[in-house]
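Numbering-wise, the sequence shown is residues 5 to 764 according to the numbering used here.
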Amino acid sequence: MNLKPPTNQSFDPTQLFQRILSKWYIILLFVTVCITCAYFYNKYSLPRYNVVTTLQVKKQQAIVSADPTALIFNHGSSNSLNLPDETVLLKSFPLLTSTISDLDFAVSYYYSNPLKKIELHKNSPIKLSIDVNSTFLPYEQEWKCLPLDSTRYIIEIGDEIRHQLAFNKQANIDGFIFTVNLEDYSELVKYNHIIFKVNNPLQLVRDYQGRVKISPFDEKSSIINISVVGENPDKEIEFLNSFVKNIIDQSIQSKRLNSERTAKFIDEQLSENTDSLKAIEGQLQRFKNEKATVDLNVEGNQLYTNIKELEKQKADLLLSNRYLDYLIQSVSSESEINQLMMPAPIDGQDPVLAKLLNQLVDAQLEVKLLANDKITKNPLLQEKKKIIKDLKDNITYNVKSLKGKNNIRLKDMNSRISMFSASLQGIPKAERELVNIKRDHRLNENLYLLFMEKRIEAGINAATIVSDYSIINHPINEGVVSASPLRNYSIALLLGTILPVSILLVLDFLSDKVRSKDDVERMLPMPIICSVVHKNKRSVGMIDSNVLESFRSFRANLQYLPQPKQVLLVTSSMSGEGKTFSSYHLSQILAITDKKVVWINADLRVKTNGTPSEKLGLSEYLAQLASIDDIIEKDETNVHIIRAGKTPHNPAELLVNPRMQTLVDVLKEHFDYIIIDTPPVAAFSDAFELMALADQIFVVVRQKFTKISALATIRELLHINKIEHISIILNDVKDKRVKYASKYYAKSYRTNSSKDFIVK
């Protein structure tokens, strides 16, 4: 037989959709489960609320200046907002720690039922008072308080430990000294029990650090929204009120402390400079008394003016270096740095020093908090200490770099002052001495005037300190942000549909079973003579009308085969595909038309279901133990049957016996149709021995049972054995279109006659 190569599989979305839709009950099951889960989630989950407050940020940022005194006294500002930096600063550990310490969040109170736990916050009927002398704090442990009466209660710790205690009286459990104060006994009885938990301050800070969200009102705005999501909106409003208050207070305190330190630094420099100025003034007075009046000529006046201007610039640089020395001394010390005067960048340099100092302050405050925690060898504490060391190293490096720049400029100024001083050698000695004294006097006088100016400015700034933050909107509850019930149901419906469809698509893609008529035509390019629909009822004695109509179609199609076909052979690739079912029902449907039909069970390897062992069959005839008349019997449907008989030890040898050819020749003379049921062609060679006797061969392929690889095997075997006159019977078809047509045309052919049938 000349077989065409198998065609490539093409994607048919319609067939894929039909295959998926045929599993509607699986999709319905998933949808039902997901909708049920959404129902219980909506019923028992706690809603989460979004609480928001709005602030305006008026940050005073340093402006780059070539003036060295800008390192200490920065009066420039810019209202641009750096949100990433602002977020880090506002969510800093010290600020949140200060906020939590101001709130009554040390203990949480809950009411629970089997499905959810609700925080009562300030509505708890009991209040826990913790003694400061406690040597042990049960952080994050849930203790259950169950009332016995209005004076006594039981504390449950876990499932086993129970303590009977009295309300409003101090108790001590393992070093934890506390008092449970009864606020409302009737409420406590209503709740039946209250769960309380002592919160770990460090854990509480970290929790809010993760939940606080800071976002800009818009891209270029200096207004920010601070929000927090929680299950108790009143608690979150209380937190944000305290948080905003601490933000404003910290901003004012930071400015006030910076102002005080600036004033202290200026006062120290003024005191030192005043003494120097008095000494110089005394020296100048004595010179005038001794030398009387000394006037400078034009050249001397010009040199004096140049030196005076350079001395003024030198005074600024000396002041800058004094501050940098103060900064290095402060950073190098082991004492805490709560606040430092933050220098502004100069000469276009990146403003990294102020940022480093801010980070150092925050890190030292976090270390202080961690050091107070009872946990020994806290790895986070060691990590923060390492960060502090790195920050100090970076600050020292930056300060030395700035001071190096100043020293280069000082060296240049001293060189120019020396040059002008050398030019003074050409004028009389008295005039030269007067210039030197006036130069020292002018230098100290410039320093004194500069300090006095900055002292006045510092005083004005201290008197007019305002926060960088102002409240636009106080905290408000914007409502539930967790998914709404309708949205949950929508998601459940979507998941309930997508999940099973995805699974079915994967299984369909991985399946090696025949899924449709197209798979058969692709692998076996032979005509499909009949599609037998799926039979819903398996009860013996009743032929499904749809199946009956399928075989009527089979009978009709036989008439269109080229040349008369008397000997029909039915086989399949493996057991269970329905070849016996198909061959026997074909015999029945042919017999109804008053045709003489004989059905031969040539599968000598397996007994036919229900065949008594004493019945003679094909195996006895081939072994010359019975005649043709001995093995032929007739059933109630007018079909003559030759059973397989007893299972021989050499079935293949018996089937090639010449008596088999003789049997077929004799039967041809007496019967219109001879239908032979053979063993599976892919498993045994018996079928190929019998194919030479057949006029037409039918290969049964069962939908969603026969493997694609089995079709490839059949194809190869048929090609090797050069078998022709082959047609396909597609069995157990679940295609609704085929089934509907069969039902429609079967209405007029329904019968009450009982017919035995065999499914194999």
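The beta carbon of each residue, even a glycine, is placed where N, CA and C say it ideally should be.
Counting other Cβ atoms within 10 Å of its Cβ, Met456 stays below 16 and is therefore classed as exposed. Runs of the alpha helix (DSSP H) lying entirely within the segment 619–669, each at least 4 residues long, are 622–626, 632–635 and 655–659 in chain order.
Nearest neighbour of Asp607 by Cα position, chosen from Ile230, Gly408, Ala691 and Leu395, turns out to be Ala691. In the same chain as Gly179, and ignoring 5 residues on each side of it, the C-beta atoms closer than 8 Å to its own belong to Ser138, Thr139 and Phe140, in chain order. Here DSSP, grouped into helix, strand and coil, assigns Val685 to coil. In the assembly as shown, Pro683 is a buried residue. Its beta-carbon has 16 or more other beta-carbons within 10 Å. Within the DSSP secondary-structure output, Cys149 pairs in a beta bridge with Ile159 and Ile198. Excluding five sequence positions before and after Ser219, the CB atoms of its chain that fall closer than 6 Å to its own CB belong to Asn229, given in chain order. By the neighbour-count criterion, in which 16 or more other beta carbons inside 10 Å mark a residue as buried, Asn172 falls on the exposed side. Cβ contact annotation for Phe109 (same chain, cutoff 7 Å, sequence separation greater than five): Asn203 and Leu208, in chain order. For Pro98, the enclosing alpha helix (DSSP H) covers residues Phe97 to Asp106. DSSP places Thr18 in no beta strand (DSSP E) but in the uninterrupted alpha helix (DSSP H) bounded by Pro17 to Leu25. Counted as a single uninterrupted DSSP element, the beta strand (DSSP E) harbouring Lys131 occupies residues Ile130 to Ile134.
When Pro17, Leu33, Tyr564 and Asn46 are compared, the shortest CA-CA separation from Ser488 is found for Asn46. Nearest C-alpha to Gln22 among Tyr115, Met578, Ser576 and Ser520: Ser520. Considering only Thr666, Glu146 and Thr155, the residue with the shortest C-alpha distance to Gly162 is Glu146.
A residue is called buried when at least 16 other Cβ atoms come within 10 angstroms of its Cβ; Leu32 does not meet this threshold and is exposed. DSSP places His589 in no beta strand (DSSP E) but in the uninterrupted alpha helix (DSSP H) bounded by Lys583 to Ala595.
In the assembly as shown, Thr468 is an exposed residue. Its beta-carbon has fewer than 16 other beta-carbons within 10 Å. Three or more Cβ pairs closer than 8 Å define a contact, and the segment 472–488 falls short of that threshold against the segment 670–677.
In the three-state reduction of the DSSP assignment, Thr57 falls in the strand class.
Here the alpha carbons of Thr717 and Leu734 stand approximately 17 Å from one another.
Pairing Arg260 with Phe247, the inter-Cα distance amounts to about 20 Å. Inside the segment 496–527, DSSP marks whole alpha helix (DSSP H) runs of 4 or more residues at positions 521–527, from first to last along the chain. Looking from the CA of Ile632, the closest CA among Asp639, Phe688, Gly621 and Glu640 belongs to Gly621. If you check the CB distance, Lys239 and Glu144 do not come in under 9 Å. Secondary structure of Leu572 (DSSP, three-state): strand.
With a beta-carbon spacing of about 5 Å, Val111 and Leu132 fall inside the 8 Å limit used to define contacts. Scanning the segment 200–226 from its first residue to its last, the whole beta strand (DSSP E) runs of 3-plus residues come out as 217–220. Just measuring C-alpha positions, the residue of Ser128, Ser96, Asp106 and Lys312 sitting nearest Arg210 is Ser96. Counting along the chain, Asp690 sits inside the alpha helix (DSSP H) bounded by residues Asp690 to Met695. Judged by DSSP in its simplified three-state form, Thr468 adopts coil rather than helix or strand. Per the C-alpha coordinates, the member of His644, Ala283, Asp512 and Pro383 positioned closest to Ile24 is Asp512. In this structure, the alpha-carbon of Asn605 lies about 14 Å from that of Ala698. Leaving aside the five residues that flank Arg459 on each side, the residues in its chain whose CB is nearer than 8 Å to its CB run, in chain order, Ala267, Ile270, Asp271 and Leu274. Annotated as proximal: Ser731 and Ile701, with beta-carbon spacing under 9 Å.
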